[in-house]
Amino acid sequence: MMMATWNDMKSNLTSIKSDEMTAIESLAYLHAQRVKKGISQVELANRIGMSQPQLAKIENMSSIPSFSTLTRYAKGLGLVATVSFKPMATTI
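Per full-length UniProt numbering, the sequence shown starts with residue 1, numbered consecutively.
Here it is, written out as structure tokens:
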């Protein structure tokens with residue numbers, strides 16, 4: 001029996017708007033990087049001046065972080081948060 005991947009499951013999530021999916025994927029990426037680097041929630045929270053319960057709420061998506069908080073989270077993992085803009089697809 002094969003385990004479903006995130007991409008398999010994501011294709012079935014039609015009720016989530018694309019901008020919300022971007023936020024979810026960004027948080028999932030940061031969480032995965034924290035785990036991959038072997039950094040506990042307590043350690044990361046201490047690095048970025050946040051309590052562990054606050055970090056847990058962000059990671060389990062009970063609390064939507066501001067861009068400033070995401071930037072702190074990324075910096076605590078040795079990453080840089082960036083925002084990009086591109087033209088919307090147009091229909092003529």
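Just so you know, even glycine gets a beta-carbon here, dropped at the ideal spot from N, CA and C. A quick note: this is a predicted structure, and the numbers were derived from the prediction, not measured.
Neighbour-count burial assignment, residue i, 16 or more Cβ in a 10 Å radius
i	result
residue 45	buried
residue 49	exposed
residue 29	exposed
residue 76	buried
residue 25	exposed
residue 59	buried
residue 53	exposed
residue 65	buried
Cα-Cα separation, residue i to residue j
i	j	result
residue 40	residue 78	15 Å
residue 51	residue 43	10 Å
residue 35	residue 86	31 Å
Quiz item: What runs of the alpha helix (DSSP H), each 4 residues or longer, lie entirely inside the UniProt domain "HTH cro/C1-type" (30-83)?
Solution: Qualifying alpha helix (DSSP H) stretches, in chain order: 41-48, 52-59, 67-76.
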